[in-house]
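Quick mapping for you: the protein sequence lines, in order, are chains C and H.
With the working numbering, the residue at position 248 of the first sequence is 742, and numbering never jumps.
With the working numbering, the residue at position 52 of the second sequence is 1270, and numbering never jumps.
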Amino acid sequence: MSPSPSDNDANPLASSSDTGRFGPYGGSFIPETLSAALDELVLAYEAVRGEPEFWSEFDRLLARFVGRPTPLYRVEQLERAWAEPGKAPRIYFKREDLAHTGAHKINNSLGQALLAQSKLGKKRIIAETGAGQHGVATATACALLGLDCVIYMGLEDTRRQALNVFRMKLLGAEVVAVESGSQTLKDAINEAMRDWVTNVDDTHYILGSVLGPHPFPTIVRDFQSVIGKEARAQILDAEGRLPTHLVACVGGGSNAIGLFHPFLADSDVAMIAVEAGGEGVDTGRHAARFAEKKVGVLHGTKTYLLEDENGQIRETHSVSAGLDYPAVGPEHAQLHDEGRVEYVSATDEEALAAFQDCARLTGIIPALESAHAVAHLRKLAACASDSDLILVNMSGRGDKDVQSVARILEEAP
Amino acid sequence: MSRLLPRSVLQARRDAGQSAIIPYFTAGYPDWDAFDAVASGLKRAGADVFELGVPFSDPLADGKTIQRASQAALEAGVSLRVILEKVRERGDDWGLPVVLMTYVNPIVAYGIERFCDDAVTAGVGGVLMSDLPPEEIPELWKALADREIETAVLVAPTTRAERIPALAAAATGFLYCVSRTGVTGQGHSFASNLHAQVARIHDQSELPVVVGFGIRSPEDAVRVAAGGGGEGESPDGVVLGARLIEMLETDGADAVLEFLSGVRAALDDGGVTSGGPGSGHGGGAGPGARRD
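Rendered as structure tokens:
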């Protein structure tokens, strides 16, 4: 199930993404100091693409350490609860919440840590984190492989996700609280980039989403494609047919790309990505990049982003730290323009309701990020037909969010 | 209004056997009064080119000082539009070629063609975009060339020799050699290959080569300007930024200008013949004399 080169060759987009361009998006907008490190990363990744030993080691760790394949689980309770009687679709969750460390992030962290150790020869790893899931996953991969690890996290996010901060420290990582700017994910990326520019000789930056300069959007997508490859085989096994709809939340967009990518050539499969609607896309306090249709350059890539009229990046808002980011992966920008993926949003309120309903009805507490996908599932199920087959990426579990949701519900009128 | 171009001014300094000084200030910081006071005195203090920082919300190549300055300037309403107006109004008083140092997104948001038109009208001589390599947004590089707005291009200590020709080809104003890996303003030592890197750039381009990042004192400036021994060469000028901004915050414009005059004097007096580390440049001639 590894993202081996032969699998990617079958995809019509593979050739364009190999150059780091996704239509007019992507590219490599970086300070010159990083250009050698990125060139080196391109070469290292090209080299391992043709190396079966690398992928068999990756597969071995995914199976024995991460617990893959994650289950594909039919959620009959939601079919009954959320659909019109007699029109219930079949609904499945891809259970990335059951992966070690509690989210899909480990797939990419492990792949890149392995790359850093075996190909780049770099002993020091840095990473940014928003919700803390990528930080925990990276700290875990570094503990496993014996690499030094520094995690940059916005001060605001260290408060929202205190449990994950402690978890990273337990795993031996140093956690740096970033106090600049909005003190959230984008500022953590700025600070990680500054570290990388300074320590590029001995340090690899494990970017956590399909963002940033080439080749990160391609590498992260490839490592996350294991989600969609498994899901595709599992749904065919369970139902004998492909899904009619795929649903995933999209912050930077790695869990969505990971699920969608192996289905892109299946033209009958509709794909829906759910952005953070925050307090509503009309309020300006949200992280719905496709709602405003502005294209610019942030963190090394050209893509849709949220900015003011002077090209300054806007502060975003979402109840979910992992979706609270002003830009989206460049491949999503292309998929949006091509109409291949539909981009919608769910508000904080809808996500919080889905978070609670999903827990109560199914016994699964979703991450607040994944709760955005569940919120859209509810809308989809309400107007579905009984021939629909909906597959939702349960990208992470909600243990990390329990405290902050409790706080929000206490404060609610 | 007149539009001064950085290349010819830097070349003139080089031809005189002297090292150029390029001060950097974030536009409108700490406030426009202090900014105006320092900007109007730069030429008299011995500066050659004015590097004018356009604040950006996410300055990932900058250290704490320029981050702080950028954030404050943005909160005070400084934008690319406001900066172009300022250059148009005051550029003649400053009397120096103005090079806008910016991240690329504010230009993209402004509109590439409109930006280039307005920059020429305002009197901007050059642009340095810290996150735009020559491979990206070719239409922007072309639009700048069409208006004869000079480009300054960064070369890093990590830049491999085979990449330097592409960077040199994209530059029309000068090449800016970064003194070490890292962000602006940190006071670490300079890269051991700094002067060798300057020599490699000189081999690839006739354009002036300046060095910046982390130059915090007249002694630093002299050490950088004097050049390395062996394979090394002297740059044609030095850039000072974060240190000047810190001084402007705490001591005011007069102190900054006095400091710059001191850098000028140190370069003119000591830079050429000083026996400090890294002074063993070819033949003992002054910085830039190599090309006379």
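Glycine included, C-beta positions come from ideal geometry on N, C-alpha and C.
LEU1372 of chain H is positioned such that its CB atom lies closer than 9 Å to that of LEU1346 of chain H.
For the 9 Å CB-CB criterion, GLN1415 of chain H and ALA1386 of chain H do not form a contact. When DSSP reads this structure, GLY890 of chain C sits in a beta bridge with C:ALA597.
In the three-state scheme derived from DSSP, where H, G and I count as helix and E and B as strand, GLY1235 of chain H is classed as coil. For ALA840 of chain C, the pairing in a beta bridge is given by DSSP as C:ALA770. Using a 10 angstroms sphere on the CB of ASP760 of chain C, the tally of other CB atoms stays under 16, which defines it as exposed. Runs of the alpha helix (DSSP H) lying entirely within the stretch 1392-1473 of chain H and spanning at least 4 residues, in chain order: 1412-1422, 1436-1444, 1460-1468. Ranked by Cα distance from PHE559 of chain C, the options C:ALA635, C:GLN655, C:ALA767 are led by C:ALA635. For HIS739 of chain C, the secondary structure class from DSSP, reduced to helix, strand or coil, is strand.
For MET1347 of chain H, the beta-bridge partners assigned by DSSP are H:THR1320. With respect to chain C, the C-beta atom of THR1399 of chain H has a partner C-beta closer than 9 Å. Residue ranges of uninterrupted beta strand (DSSP E) with 3 or more members, entirely inside the stretch 783-861 of chain C and ordered along the chain, are 789-792, 795-798, 835-841.
Between the C-alpha atoms of LEU1260 of chain H and TRP1312 of chain H there is a straight-line separation of about 7 Å. Burial state of ARG1262 of chain H is exposed, judged by a 10 Å Cβ sphere holding fewer than 16 other Cβ atoms.
Pairing ALA827 of chain C with ARG568 of chain C gives a Cβ-Cβ distance that is not under 9 Å.
Among the CB atoms of chain C, one or more fall inside 9 Å of the CB of ASN1323 of chain H. A distance below 6 Å between beta-carbons, with the five flanking residues on each side excluded, links ASN602 of chain C to the following residues of its chain, in chain order: VAL714, PHE717, GLN718. For LEU1270 of chain H, the uninterrupted beta strand (DSSP E) run begins and ends at 1268-1271, by DSSP.
Between ALA667 of chain C and GLU622 of chain C the beta-carbon gap is near 12 Å, outside 8 Å, which marks them as no contact.
For PRO1241 of chain H, the three-state secondary structure derived from DSSP is strand.
The residue among H:SER1258, H:ARG1434, H:ASP1469, H:VAL1396 with its C-alpha nearest the C-alpha of GLU1307 of chain H is H:SER1258. Within the model, the alpha-carbon separation for SER1407 of chain H versus VAL1440 of chain H is close to 14 Å. In the structure shown, GLY520 of chain C falls within a strand segment according to DSSP collapsed to helix, strand and coil.
Of all residues in the stretch 1254-1279 of chain H, only PRO1273, PHE1274, SER1275, ASP1276, PRO1277, LEU1278, ALA1279 place a beta-carbon less than 9 Å from a beta-carbon of chain C.
Pairing ILE619 of chain C with ASP642 of chain C gives a Cβ-Cβ distance under 9 Å. The way I'd put it, the stretch 1324-1344 of chain H does touch the stretch 801-811 of chain C; three or more beta-carbon pairs between them come closer than 8 Å. In the displayed model, ARG1308 of chain H falls within a helix according to three-state DSSP.
Taking 9 Å as the cut-off, the beta carbon of LEU885 of chain C is found no closer than this to the beta carbon of LEU730 of chain C. A residue is called buried when at least 16 other Cβ atoms come within 10 angstroms of its Cβ; CYS877 of chain C does not meet this threshold and is exposed.
When the beta-carbon positions are compared, ASP818 of chain C and LEU679 of chain C come within less than 9 Å of each other.
Contact note: VAL694 of chain C reaches chain H through THR1376, THR1399, using a C-beta cutoff of 7 Å and chain order. The shortest CA-to-CA distance from ARG661 of chain C to any of C:GLY596, C:LEU592, C:ASP591, C:LEU649 is the one to C:GLY596. The C-beta of GLU1476 of chain H has fewer than 16 other C-beta atoms within 10 Å across all chains shown, which makes the residue exposed. Annotated three-state conformation of VAL720 of chain C is helix, per DSSP. In the structure shown, the three-state DSSP call for GLY648 of chain C is strand. For THR795 of chain C, none of the residues of chain H pass the 8 Å Cβ criterion, the least Cβ distance being about 10 Å.
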